[in-house]
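Here's the structure, in structure tokens; my notes come after.
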Amino acid sequence: MPHDDDRRPADLPTSGDPWQVRRAGLLDVNRLARMVAEHRPFIDLDGDGQPDEVPHPEQAGSATRMVLSLGGLEHGELWLAERGDAVLATAFWLPPDTEHLAADLHRVIARELDVPPVPDPEPAHAPLRSIVGATADALALLRTSPSRRVLVLLSDDRRAAGEQRLDLLADLLAPVVDEQGAAGRDVLAVTVDPAQAADLRALGFDELGRTPLGAASLWVGVRRPGLLVGAGAQAATATV
Numbered sequence: 044m045p046h047d048d049d050r051r052p053a054d055l056p057t058s059g060d061p062w063q064v065r066r067a068g069l070l071d072v073n074r075l076a077r078m079v080a081e082h083r084p085f086i087d088l089d090g091d092g093q094p095d096e097v098p099h100p101e102q103a104g105s106a107t108r109m110v111l112s113l114g115g116l117e118h119g120e121l122w123l124a125e126r127g128d129a130v131l132a133t134a135f136w137l138p139p140d141t142e143h144l145a146a147d148l149h150r151v152i153a154r155e156l157d158v159p160p161v162p163d164p165e166p167a168h169a170p171l172r173s174i175v176g177a178t179a180d181a182l183a184l185l186r187t188s189p190s191r192r193v194l195v196l197l198s199d200d201r202r203a204a205g206e207q208r209l210d211l212l213a214d215l216l217a218p219v220v221d222e223q224g225a226a227g228r229d230v231l232a233v234t235v236d237p238a239q240a241a242d243l244r245a246l247g248f249d250e251l252g253r254t255p256l257g258a259a260s261l262w263v264g265v266r267r268p269g270l271l272v273g274a275g276a277q278a279a280t281a282t283v
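So in this note's numbering the end of the sequence shown lands on 283, straight run, no missing numbers.
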């Protein structure tokens, strides 16, 4: 799939905070996968109040790298915020018309990792597969939407706190949000982590709906055009 945003500069100005936001490439995938593994969203599909265990943990890193490289680089966009050599946060966007991506990912992961596919597993027994599948189903329902970007992963190291953390996440999302907003289009987001849904609401997303997923639910949010994020939002606030 050709990228419609190759015209974007590699590096984008941020709000003056000590991080740089840029489009990720193939050489970034390994460290993004490590960061995601170390700072996983809270996933509790069995409803016991504890994070679900990752099946085949020795293969989880490889599976994450495949999802990021095949999904993020081939079908969507991967962005990162970094300070020096440290990755602070990453965002993974997809267009809503990639309903076949989940099946492609399942097939590639099963083949490359020699993991036999299990038909219709309990969500808590295969959280990654269940979330990817539920996300694909949600994207299929949203493909008639004018939105062209859906945030399917937002992860940060959580070392920043309070407003600084929200500034970091806002700067990370700004390239896609601002471009889509300039074209008059909404952007969408999905997550199963209640805390992340709260973060997204703080960043201007409104709840669009929820889809049951095990004992949890897949939260779907929308951000309307016209809301500034990142450096632009801070500059506008400063003039009030």
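For glycine and all other residues, C-beta sits at the position ideal for the given N, C-alpha and C. All values derive from a computational prediction rather than experimental measurement.
With 16 other Cβ atoms within 10 Å as the buried cut-off, status of residue 106: buried
Can you grab the Cα-Cα spacing for the pair residue 229 / residue 223, in whole Å? 7 Å
For a quick check, are the C-beta atoms of residue 120 and residue 63 less than 8 Å apart? no
Among 68, 243, 131 and 256, whose alpha-carbon lies nearest the alpha-carbon of residue 117? 68
Proximal residues to residue 245 (C-beta, below 7 Å), its chain only, five neighbours per side dropped: 209
Please identify the residue among 128, 207, 194 and 71 whose C-alpha is closest to the C-alpha of residue 266. 194
Return the residue from the list 181, 214 and 252 that minimises the CA-CA distance to residue 197. 214
Rounded separation between residue 108 and residue 74 - CA only: 9 Å
Determine the DSSP secondary structure at residue 156, reduced to helix, strand or coil. Confidence in residue 156 is poor, its pLDDT being 49 and thus under 50, which makes the residue's placement unreliable; the coordinate value appears in the next sentence. DSSP places residue 156 in helix when its eight states are reduced to three.
Can you tell me whether residue 210 is helix, strand or coil according to DSSP? helix
By the DSSP assignment, the alpha helix (DSSP H) with residue 81 in it spans what residues? 72 to 81
Enumerate in chain order the residues of its own chain whose CB-to-CB distance from residue 190 is below 8 Å, with the five nearest sequence positions on each side excluded. 139, 223, 228, 229, 230, 231 and 265
Return the residue from the list 70, 216, 225 and 61 that minimises the CA-CA distance to residue 247. 216
Mapping DSSP to helix, strand and coil, what is residue 112? helix
What whole-angstrom Cβ distance do residue 132 and residue 123 have, given they're in contact under 8 Å? 7 Å
Measuring straight from C-alpha to C-alpha, what distance separates residue 253 and residue 112? 28 Å
Just the Cα atoms here: how many angstroms apart are residue 156 and residue 262? With a pLDDT of 49 at residue 156, under the threshold of 50, the modelled position of this residue cannot be trusted; read the value that follows with caution. Those two C-alpha atoms are separated by around 30 Å.
Assigned secondary structure, residue 66 (DSSP; H/G/I helix, E/B strand, else coil): strand
Nonlocal neighbours in the same chain, by C-beta distance under 8 Å from residue 211, ignoring five residues either side: 60, 62, 124, 131, 132, 199 and 203
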